[in-house]
Structures are given as C-alpha cells and as structure tokens.
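Colleague: My numbering puts the first residue of the sequence shown at 221, with every later residue one more than the last. If you scroll down you'll find the structure; I have some questions about it.
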Amino acid sequence: MARYGLSAFGMRLVGQGFPWPTLVINILGSALMGALTGWLAVQGNAPQSLRLFIATGILGGFTTFSTFSLETVLLYQRGQLGLAVAYVAASVAIGVGALMLAMRLARAMG
Numbered sequence: 221m222a223r224y225g226l227s228a229f230g231m232r233l234v235g236q237g238f239p240w241p242t243l244v245i246n247i248l249g250s251a252l253m254g255a256l257t258g259w260l261a262v263q264g265n266a267p268q269s270l271r272l273f274i275a276t277g278i279l280g281g282f283t284t285f286s287t288f289s290l291e292t293v294l295l296y297q298r299g300q301l302g303l304a305v306a307y308v309a310a311s312v313a314i315g316v317g318a319l320m321l322a323m324r325l326a327r328a329m330g
C-alpha cells in the first residue's frame with residue numbers, strides 16, 4: 221500500500237516520462253535495509269526470525285524488482301534506450317550506495 225501510494229503520488233508530481241517514483245522507493249528501501257541490518261548487527265540480540273521478517277517481508281515488499289524490470293522494458297520499447305540504461309545504472313549504483321552508507325551510519329551510531 222505504501223509503495224503504491226508513493227508511486228501514484230510521484231507520477232502525478234513528476235509525470236510518466238521516467239520512473240522516478242520506483243527509483244526513489246527502491247533507494248529508500250535500500251537505505252532502510254542498510255540502516256536496519258547495521259543497527260541489528262551492533263545490537264546482536266535480535267532473533268533471526270525478526271530480522272528476516274522486517275528485512276525480507278516488510279522492506280522486501282516495499283521495494284519492487286518486478287516494477288523496476290517492467291519500467292526498464294517499457295523505456296526500451298518506447299525507444300528510450302539511453303534512459304533505460306541510465307535507470308538501471310542509477311537504480312543499482314545508488315541503491316547499493318544508499319544501503320552501504322545507511323549500514324555504516326547505523327553501526328557508527330550503534
């Protein structure tokens with residue numbers, strides 16, 4: 221529900237030329253995943269089932285690889301190969317970077 225609401229709001233805000241809402245949602249989800257795993261690593265006492273539920277269940281449900289894949293293909297089919305490649309590169313690079321940064325910050329604040 222949160223992902224849909226943010227995506228619909230984002231599309232109304234910035235239009236449908238580039239899938240900004242999905243990119244932002246996936247980066248936010250990656251940062252939250254990094255913060256969570258970094259914080260839990262410092263705490264060291266959270267049950268594995270709780271970590272999996274939050275990381276895979278909640279944050280995994282918030283982010284979406286299938287929407288990312290579809291939007292990439294749609295950009296390509298519309299003849300926007302450059303945007304499709306930029307979307308993939310930005311999603312991976314910024315998503316992984318956000319996760320790493322948030323994990324470091326959470327561990328430092330631990």
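C-beta atoms are modelled at their ideal positions from N, C-alpha and C, and glycine is treated no differently.
Run the CB neighbour count on S269, radius 10 Å, all protein chains shown included, and call it buried at 16 or more, exposed below.
Modeller: Result: exposed.
Colleague: Can you tell which of T292, Q263, R327, L325 has its C-alpha closest to the C-alpha of A310?
Modeller: Among T292, Q263, R327, L325, the Cα nearest to that of A310 is on T292.
Colleague: Kindly list the residues whose CB is nearer than 8 Å to the CB of W240, restricted to its own chain and excluding five residues on each side of it in sequence; keep chain order.
Modeller: Counting only Cβ-Cβ distances below 8 Å, and skipping sequence neighbours, we find G230, V234.
Colleague: Contact between the stretch 277-287 and the stretch 249-264 is defined here as three or more beta-carbon pairs at a separation below 8 Å; is this criterion met?
Modeller: Contact between the stretch 277-287 and the stretch 249-264 is present, because at least three Cβ pairs lie under 8 Å.
Colleague: Indicate whether L226 and I247 have their beta-carbon atoms separated by less than 7 Å.
Modeller: Cβ atoms of L226 and I247: not closer than 7 Å.
Colleague: Answer with buried or exposed for L295, where buried requires no fewer than 16 other C-beta atoms within 10 angstroms of its C-beta.
Modeller: The residue is buried, with at least 16 neighbouring Cβ atoms inside 10 Å.
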